[in-house]
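Enquirer: If you scroll down you'll find the structure; I have some questions about it.
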Amino acid sequence: MARGDRRRRERLRWSKLYSFNCFRPGAQLDAEAPQSLGGPGFSRIVHCNQSQIHRKKPLNYPTNYISTTKYNIITFLPKALFEQFRRVANIYFLLAAILSLTPVTPFTPLSMIAPLVFVVGMSMLKEALEDWRRFIQDMKVNRRKVNVHSEAGQFCYKHWLKIRVGDVVKVEKDQFFPADLLLLSSSYDDGICYVETMNLDGETNLKVKRSLEVTLPLDEDEAFKDFTATIRCEDPNPNLYTFVGNLEYDRQVFALDPNQILLRDSKLRNTSYVYGVVIFTGHHSKVMQNATESPSKRSNIEKKMDRVIYFLFSILVLISLISSIGFGVKTKYGMPHWWYLQPEDDPTNLYDPKKPVVSGIFHLVTALILYGYLIPISLYVSIEVVKVLQAMFINNDLHMYDEDTGNPAQARTSNLNEELGQVDTILSDKTGTLTCNQMDFLKCSIAGVSYGLVSSEVEMAAAKQMASEASGDPDRSSTGQWETSGHRPSEIELECGISSTFEKARKPTIKGFSFEDDRLMKGNWMKEPNASTILLFFRILGLCHTAIPELNEKTGDFSYEAESPDEAAFLVAAREFGFEFCKRTQSSVFIRERYSSSEDPVEREFKILNLLEFSSKRKRMSVVVRDESGQLLLLCKGADSIIFERLSKNGKMFESDTTKHLNEYGEAGLRTLALAYRVLQESEYAAWNAEFVKAKTTIGGDREGQLEHVSDLIEKELILVGATAVEDKLQKGVPQCIDKLAQAGLKIWVLTGDKIETAINIGFACSLLRQGMRQIRLSTVDLIAQDVKKAAKENLLMQITNASQMVKLEKDPDAAFALIIDGKTLTYALEDDMKNLFLNLAVDCASVICCRVSPKQKALVTRLVKEGTGKTTLAIGDGANDVGMIQEADIGVGISGVEGMQAVMASDFSISQFRFLERLLLVHGHWCYKRIAQMICYFFYKNIAFGLTIFYFEAFTGFSGQSVYDDWYMLLFNVILTSLPVISLGVFEQDVSSEVCLQFPALYQQGPRNLFFDWYRIFGWMGNGLYSSLVIYFLNISIFYDHAFRAGGQTADMAAVGTTMFTCIIWAVNVQIALTMSHFTWIQHLFVWGSIMTWYLFLLAYGMSSPLISKNAYQILLEALGPAPIYWASTLIVTAACNIPYLAHISYQRACNPLDHHVIQEIKYYKKDVEDQHMWKREKTKARQETKIGFTARVDAKIKQLRGKLHRKIPSLNNPTVT
């Protein structure tokens, strides 16, 4: 295909249109002033199109393979073993297993080593499986394909992992860049390309990149046949916004800057293809340099469990010392008199009365092993099993399955399940996490008249809430009913009264356009009094932009490739109003104008003479156009504060009305821009244009300042036309989710790479900010001082001090503060001498928004919050720029959206939309925390109850080291007879249902407050275990000590007493767990009562086995215990005595000092939620944490505003009525 045909669309030399971004210095400048490179930090040499050179020393650059796994084949064994033996209990059992090889052990070595190998092996297997899943996701990225130059001008597809430094690659539209590239040429004639960096810095605006002029001829595959060049540049570093290097090509040296660099994981947009040469690969790329090594995370409960085990180990050592001292005393003073225990004359004898100290020391080792049941070895493996099963429930939760993408929720690691229930602060990315990058044109103000009857999400929620209060229907007010379904209340309903009907017939929605008002549609605007102003408004929408139209040949409709979602929404709105942007050439824009539905459209050409593009500093955009009549117009759109200060005296006719409308739109959570124009005279324009061209071609650091100055000369004396209001489309359910999380008491910070205005608008849209909330903006001002850094820090310190004092002195309890800070200021705020002051201020604010932050800064802020508050943090994001904070936070959640998978691969949990975070935390987090906490406490209880009886009996028998239980009983206690009930507790227990968890968000605070695993509750369960051990041992001893056991009058032997005590333990601990459970399924019944039945079946089978196996337990159930009524009576009495105190305690607590879930359980049990709706609604209202952010706080403010309007309109109105 001829080059001209192939690139017909791209024959726009954009560098002539853009004034700020795309200035290209000439080759002479580049040749005259190359930078001197080669020193420290600038040693990288890239030989273009000669990748084989980089595979050898001294260069030996890495491949493009990336890995986010914790382990590899070599490191798995040592690192996984280290992870396992970070657990103190495993260290103890390792020592016990080693000691079991000595002669002093009371058990066989196999019985000690086998459980340890099983527990550690199971945990390592789980780690390996989870890391394997990470490896699979890494390979999905590594095996993406891209076109790579092979030889003789031929390109072929290769996997990303096979790309090497120096390779020339061809990236096509909507593909991600596989590595960091130097842009050589593009499908546009002058080497311009559009790049979406949302995955890197969170910005949705497209960035314009440009190649060097010298490489523009390299625009076809064949051109690379003999291409060679050398790049000398900076070494790999994490800075996304800088690049220093030189290109040596065609015997000349050209300076390189960030405008020629295409970073890995950004995406090519609005450009058919680009050619580039690979500079950095794999972990050398800038995005991977921002990533940190996959950390090994442990939950707070697991860390605290280690401290509990330290305590139990201290108890173990204490009673072992008591036992060894007692044994030493008995050996010295008692053994000489016991003729039946005289030691043999053996020098290796361990129990020599002549050496009682040595005997006591040897007995200490025996006791340490014997009392090992105080420390439950099966606890860890049981927790591992429970966490894996909990993760399966999370993975298979249909309420967190996204039908649009087919992605379920995924627990990528199950180690942190319970941590989900203890989160205090959420740190969230913005773009792609909170928003779906779509704007909807909703309302507009033209010539002082507001148009648009469709309500925003905030207005709709307020109307529904008021209607539900008026109708007395509590279900209507549930936040769960706030989901939008394409039907919205009209503004008329909101202004004139409260309607109980919100749904009305609507035409099919158009993406980017939710406007409804017949006064402007179908040419009806021509009947309006200010039709000429409306015409100008529509033309500004259609002309003031940098978009490119794309014709869909099937439908005949145009779609638009715009730099920002706002521009696309404006163009869609202009098209729907009858002003369709249809064509762009190098110097003109063509609009098809249709004035009524019955007329054919008229295509009009507007000459684009100059374009002054938008920047965060300018906050406005302008174009100078010449219409078909030859008139010169400056069309401008921008922030209202910027436009209003540039209005002429005659241009303020609609200012007051427009300001009123802008405030209303802002209260409704909409993003606004003001539109204005001025008519230019030919002489005025000619003089200005000469100055503009001069500033545009200036070489030097002052170029941008000169351009800004010249732009100000013409962007003045404007005439106000009107304003636009677009709704920043959040992901489905985001406001409701944030509201519910706020009601649950969680703090939410937004960390974004986007500009401050965008972040603030999103804050308003998702109700993190609202009207009336005081904004504290920390910023650095341009200071003239010898030590700029010191002066900037002093200025920031003063800002933080003043803000902190203002917050503390605030007396209004309803006052709310929002802290907003940019990345440059954050650099100073995160320094050691200031970070704590910054954190204290941030914690006192209701909302915190950090803008223009780099990936490293996101991670540093997360670390500051985590370490500074000492509370659990959760970071959530969807892009590669979020990896650092996801890995730094206690819990990292990745959004598996349409962009790259880096965030998911680095995360602990992945969900497909932000709204699923509500269920992940409030339901699964709440359940998992309580399950794990109760499970661990119960484990300590049952092992103390069991282990101490061994100590009591050993003391009773002269500290002899004799166990009252058969070895098989002890082996089966943790493995079979009590393991399944506790696993069922950890997997299936529910204090309340999932629906109730969402209806009563304050229940979540039980986790952050750690109500179920604080020291009071831990020691309470330990005390319960101590009490049960005393009852089980001494009650049984008192019953069996001198009472007849058999019909012949014989008393019980040790085997009968031990078996009876063990039966009592099995009954007591299983009844105890049954009393602990709030939610029963057939599985719990099977495991609890089945465990008791299993004990009897085992005892029967064991007694029937050969006496060589069963020894003293031969036929013990059938012939000894079964026929003895005292055996069954003691089992009943001891079990009741063990559990009555716990039953009394929970009865008293529920009656006199109930917890939140106790109240809810009682309401649900007596069905009061159905019979007494008002009480149920009152309890739900009480079950919210007081919050100053979210829809609830914002809707309350909106309700007050609407009620004020209603009372002003109808002064006699006392109570709202339903129309």
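As numbered in the numbering used here, the sequence shown has no gaps in its residue numbers, which increase by one up to the final residue, 1240. Backbone N, C-alpha and C fix where the C-beta goes; we use that ideal spot for every residue, glycine too.
#1: Which runs of the beta strand (DSSP E) spanning at least 3 residues fall entirely within the segment 697-745, listed in chain order?
#2: Closest Cβ-Cβ distance between Tyr-1117 and chain D: below 8 Å?
#3: When burial is assigned at 16 or more other CB atoms within 10 Å of the CB, is His-384 buried or exposed?
#4: Can Gln-764 and Gly-1124 be called in contact, C-beta distance under 8 Å?
#5: Roughly how many whole angstroms lie between the Cα atoms of Asp-539 and Lys-750?
#6: What does the alpha-carbon distance come out to for the pair Glu-736 and Asn-438?
#7: Jot down the residue ranges of each uninterrupted alpha helix (DSSP H) in the segment 220-284, minimum 4 residues, whole runs only, in chain order.
#8: Contact check, Arg-936 vs Gly-784 under 8 Å by CB: the rounded distance?
#9: Ignore the nearest five residues each way along the sequence and tell me which others in Phe-348's own chain have a CB closer than 7 Å to its CB.
#10: Determine the direct distance from the alpha carbon of Ala-880 to that of Asn-573, and round the result to whole angstroms.
#11: Helix, strand or coil for Pro-1175 per DSSP?
#12: Alpha carbon to alpha carbon, what distance is there between Leu-204 and Ser-232?
#13: Enumerate in chain order the residues of its own chain whose CB-to-CB distance from Asn-631 is below 6 Å, with the five nearest sequence positions on each side excluded.
#14: For the alpha helix (DSSP H) that Met-819 lies in, which residues bound it at each end?
#15: Using CA atoms only, rank isn't needed, just tell me which of Ile-213, Leu-1139 and Gln-443 is closest to Asn-321.
#16: Measuring alpha carbon to alpha carbon, tell me which of Thr-446, Asn-861 and Ile-340 ends up nearest Gly-766.
#17: Taking only the alpha-carbon atoms, compute the straight-line gap between Pro-622 and Tyr-616 and give it to the nearest angstrom.
#18: How about Ala-966 and Ile-1086: are their beta carbons less than 8 Å apart?
#19: Does Ala-1068 come out as helix, strand or coil in the three-state DSSP assignment?
#20: Tell me the start and end of each unbroken beta strand (DSSP E) in the segment 173-215 that is at least 3 residues and wholly inside, in chain order.
#21: Where does Asp-1074 land, buried or exposed, given buried means 16+ other C-beta within 10 angstroms?
#22: Consult DSSP for Asn-417 and reduce its assignment to one of helix, strand or coil.
#23: What's the C-alpha gap between Lys-408 and Met-794?
#24: Using the rule of at least 16 other Cβ atoms within 10 Å of the residue's Cβ for burial, across every protein chain shown, is Ala-1150 buried or exposed?
#25: Just tell me which of Ile-1154, Tyr-1163, Ser-72 and Val-809 has its CA closest to the CA of Gly-1041.
#26: Where do the N-terminal and C-terminal ends of the alpha helix (DSSP H) with Asn-631 fall, by residue?
#27: Are the beta-carbon atoms of Leu-237 and Gly-212 separated by less than 8 Å?
#28: If you draw a straight line from the C-alpha of Leu-448 to the C-alpha of Asp-903, how long is it?
#29: What does DSSP give as the partner residues of Lys-761 in its beta bridges?
#30: Could I get the ranges of all uninterrupted alpha helix (DSSP H) runs contained in the segment 946-997, with 4 residues as the minimum, in chain order?
#31: My assumption, with CB atoms under 8 Å, is that Leu-860 sits in contact with Gly-889. Please give the rounded CB distance.
#32: Can you tell which of Asn-70, Leu-1047 and Pro-1128 has its C-alpha closest to the C-alpha of Val-299?
#33: Among residues of its own chain, excluding the 5 on either side of Ser-800, which ones have a beta-carbon nearer than 7 Å to its beta-carbon?
Expert: In short:
#1: DSSP runs (the beta strand (DSSP E)) wholly in the segment 697-745: none.
#2: Checking the listed chains, one finds no chain D in this structure; it contains a single protein chain.
#3: His-384 should be labelled buried.
#4: no
#5: 24 Å
#6: 57 Å
#7: none
#8: Contact flag wrong, Cβ pair sits at about 17 Å.
#9: Ser-380, Gly-381, His-384 and Phe-980
#10: 43 Å
#11: coil
#12: For Ser-232 and Leu-204, the distance between alpha carbons rounds to 5 Å.
#13: Val-645
#14: 809-830
#15: It is Gln-443.
#16: Checked all of Thr-446, Asn-861 and Ile-340; the closest Cα to Gly-766 is Thr-446.
#17: 8 Å
#18: For Ala-966 and Ile-1086, yes; Cβs fall inside 8 Å.
#19: DSSP places Ala-1068 in coil when its eight states are reduced to three.
#20: 175-180, 189-193 and 201-207
#21: exposed
#22: coil
#23: The straight-line gap from Cα to Cα measures roughly 42 Å.
#24: exposed
#25: Tyr-1163
#26: Here Asn-631 belongs to no alpha helix (DSSP H); instead the beta strand (DSSP E) covers 623-633.
#27: Cβ atoms of Leu-237 and Gly-212: closer than 8 Å.
#28: 10 Å
#29: None, per the DSSP bridge assignment.
#30: 947-977 and 988-993
#31: The pair is a contact, with the Cβ atoms about 4 Å apart (cut-off 8 Å).
#32: Asn-70
#33: Asp-843 and Thr-846
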